[in-house]
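Since the structure comes first, as structure tokens, the remarks are kept for the end.
Protein chains: 2
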Amino acid sequence: MDQETQELRKAGLKVTHPRMRILHLFEESPQRHLTAEDIYRRLLDSQEDIGLATVYRVLTQFEAAGILIKHNFEGGQAVFELDRGQHHDHMIDVDSGKVIEFVSDEIEKLQHEIAERHGYEIQDHSLVLYVRPKSDQKK
Amino acid sequence: MDQETQELRKAGLKVTHPRMRILHLFEESPQRHLTAEDIYRRLLDSQEDIGLATVYRVLTQFEAAGILIKHNFEGGQAVFELDRGQHHDHMIDVDSGKVIEFVSDEIEKLQHEIAERHGYEIQDHSLVLYVRPKSDQKK
DNA sequence: CTGAATGCAAACGGTTTGCAAAGCT
DNA sequence: AGCTTTGCAAACCGTTTGCATTCAG
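These protein sequence lines map, in sequence, to chains A and B.
Mapping the first sequence onto UniProt numbering, position 45 (from 1) lands on 45, and the numbers just tick up by one.
Mapping the second sequence onto UniProt numbering, position 8 (from 1) lands on 8, and the numbers just tick up by one.
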């Protein structure tokens, strides 16, 4: 029994065709951050007959199961990525749409200090930098 | 000619009733962060006959004019606040929905360093901490 | 065999838009 | 007077849901 089957079992999810295909898509895609539409399109391209509603349902279940993380960046569509356990924040190249991941322990620490100073504890947080290639004049 | 009238003129916007009322709402409201619905409701409450579409249009124009800043926090609705010139980030109490503003020069600096290290410059950024009152056991 | 999962189409919620009427300057 | 702005209703777009059918265990 392969890796992906186990992952679904572990999450208490039946091993269905749509779930397998979608999980597989994330694991093989070089582009880590995908929208529901991205997934849907790719499934269509590979002749799969999986409805958009199912894609959304599976993504939601995967998020609940901790398999995926959902991000609400600017621009309507939610973006999903595999949860590889290692927390990171994101930088988005506003010209190309490329997503760059980064980690900053210092920022993490400062965030906690700030929350604490106000009598709170952090439940979750979202840090996104919208960036543009350093002004070597753009082509 | 009062303050608010000038503000609209300066932005190149005609001084219309809906624009005056909405600008006024922001300037007098103790709650700095308002959604389109919030505005619409308050206008209804004060017997104003201003359509929701107009509220959205005015908010959009105010944002373009630099009068308001728009935030896309979690939870569908966009939130607007007056741009008082002083940049700050936000903490949201997930229990009460309260929005707390904070400033951290260190975090700002680190963000720039990170972007730079990757060959980018920051165009914009969004940092939101979703917090919960420090675990004095919750009621 | 039986409850869970799927596809479809219709509903949803926040926001935007087309258009004719009303309002600024 | 003439172009802008408004209100209304309809469109929009991403996402969710109801329901009859199909499928995994």
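For every residue, glycine included, the Cβ atom is placed at its ideal position computed from N, Cα and C.
Given the structure is predicted, the values throughout are model-derived calculations rather than measurements.
Stretch-stretch touch, CB-based, cutoff 8 Å, three pairs: the region 50–63 of chain B with the region 85–99 of chain B: By the Cβ rule, the region 50–63 of chain B does not count as touching the region 85–99 of chain B, because fewer than three pairs are nearer than 8 Å.
Supposed contact pair A:VAL55 and residue 184 of chain A - C-beta distance, whole angstroms, cut 8 Å: Nothing about residue 184 of chain A can be read from this structure; chain A reaches only from 1 to 139.
For A:ILE100, the first and last residue of its enclosing beta strand (DSSP E): Counting from 1 along the first sequence, the entry for residue 100 of chain A is found at position 100. From DSSP, the beta strand (DSSP E) with A:ILE100 extends over 99–102.
Contact set between the region 87–114 of chain B and chain A, restricted to residues whose Cβ is under 8 Å from the partner: For chain A, the residues of the region 87–114 of chain B that bring a beta carbon within less than 8 Å of one of its beta carbons are MET91, ASP93, VAL94, ILE100, PHE102, SER104, GLU106, ILE107, LEU110, GLN111, ILE114, in chain order.
Chain A residues whose Cβ lies nearer than 9 Å to that of B:HIS33: Within the second sequence, the letter at position 33 stands for residue 33 of chain B. Here the premise fails: no neighbours, minimum Cβ distance about 16 Å.
Given B:HIS125 as reference, the closest of A:LEU68, A:ARG19, A:HIS90, A:LYS14 once Cα atoms are compared: Within the second sequence, the letter at position 125 stands for residue 125 of chain B. Taking B:HIS125 as reference, the option from A:LEU68, A:ARG19, A:HIS90, A:LYS14 with the minimal CA-CA separation is A:HIS90.
Close Cβ partners of B:GLY85 (< 8 Å) along its chain, the five nearest in sequence each way excluded: Here residue 85 of chain B refers to the residue found at position 85 when the second sequence is read from its first residue. Within the same chain, no residue comes within 8 Å of B:GLY85 by CB-CB distance, once the 5 residues on both sides are set aside.
Chain-ordered chain B contacts of A:HIS125 [CB-CB under 7 Å]: Within the first sequence, numbered from 1, the residue matching residue 125 of chain A stands at position 125. Per Cβ cutoff of 7 Å: VAL128, LEU129, TYR130.
Cβ-based burial, B:ILE114 [other Cβ within 10 Å; buried from 16]: As a working mapping, residue 114 of chain B is identified with position 114 in the second sequence. Buried.
Of the residues B:MET20, B:ILE92, B:ASP83, the one placed nearest B:ILE67, counting alpha carbons only: Locating residue 67 of chain B in the second sequence gives position 67, where the first residue counts as 1. When only C-alpha atoms are compared, the closest one is B:ASP83.
C-beta atoms of A:LEU52 and A:TYR40 nearer than 8 Å: Taking the first residue of the first sequence as position 1, residue 52 of chain A is located at position 52. Taking the first residue of the first sequence as position 1, residue 40 of chain A is located at position 40. Cβ distance < 8 Å, so A:LEU52 and A:TYR40 count as in contact.
Same chain, Cβ closer than 6 Å to B:GLN123, neighbours up to 5 away in sequence not counted: Locating residue 123 of chain B in the second sequence gives position 123, where the first residue counts as 1. Excluding residues within five positions, none has a Cβ falling inside 6 Å.
One or two residues paired with A:ARG132 in a DSSP bridge: Along the first sequence, read from residue 1 onward, the residue named residue 132 of chain A stands at position 132. Beta-bridge partners assigned by DSSP to A:ARG132: B:GLU121.
Residues bridged to B:ASP89 [DSSP beta-bridge criterion]: The count along the second sequence starts at 1 and reaches residue 89 of chain B at position 89. Residue pairing by DSSP places B:ASP89 opposite B:PHE102 in a beta bridge.
Reduced DSSP category for A:LYS14 - H, G, I as helix; E, B as strand; rest coil: Counting from 1 along the first sequence, the entry for residue 14 of chain A is found at position 14. If DSSP states are grouped into helix, strand and coil, A:LYS14 belongs with coil.
Within-8 Å CB hit, A:ILE69 to chain B: Here residue 69 of chain A refers to the residue found at position 69 of the first sequence. Under the Cβ criterion of 8 Å, A:ILE69 is not counted among the residues facing chain B.
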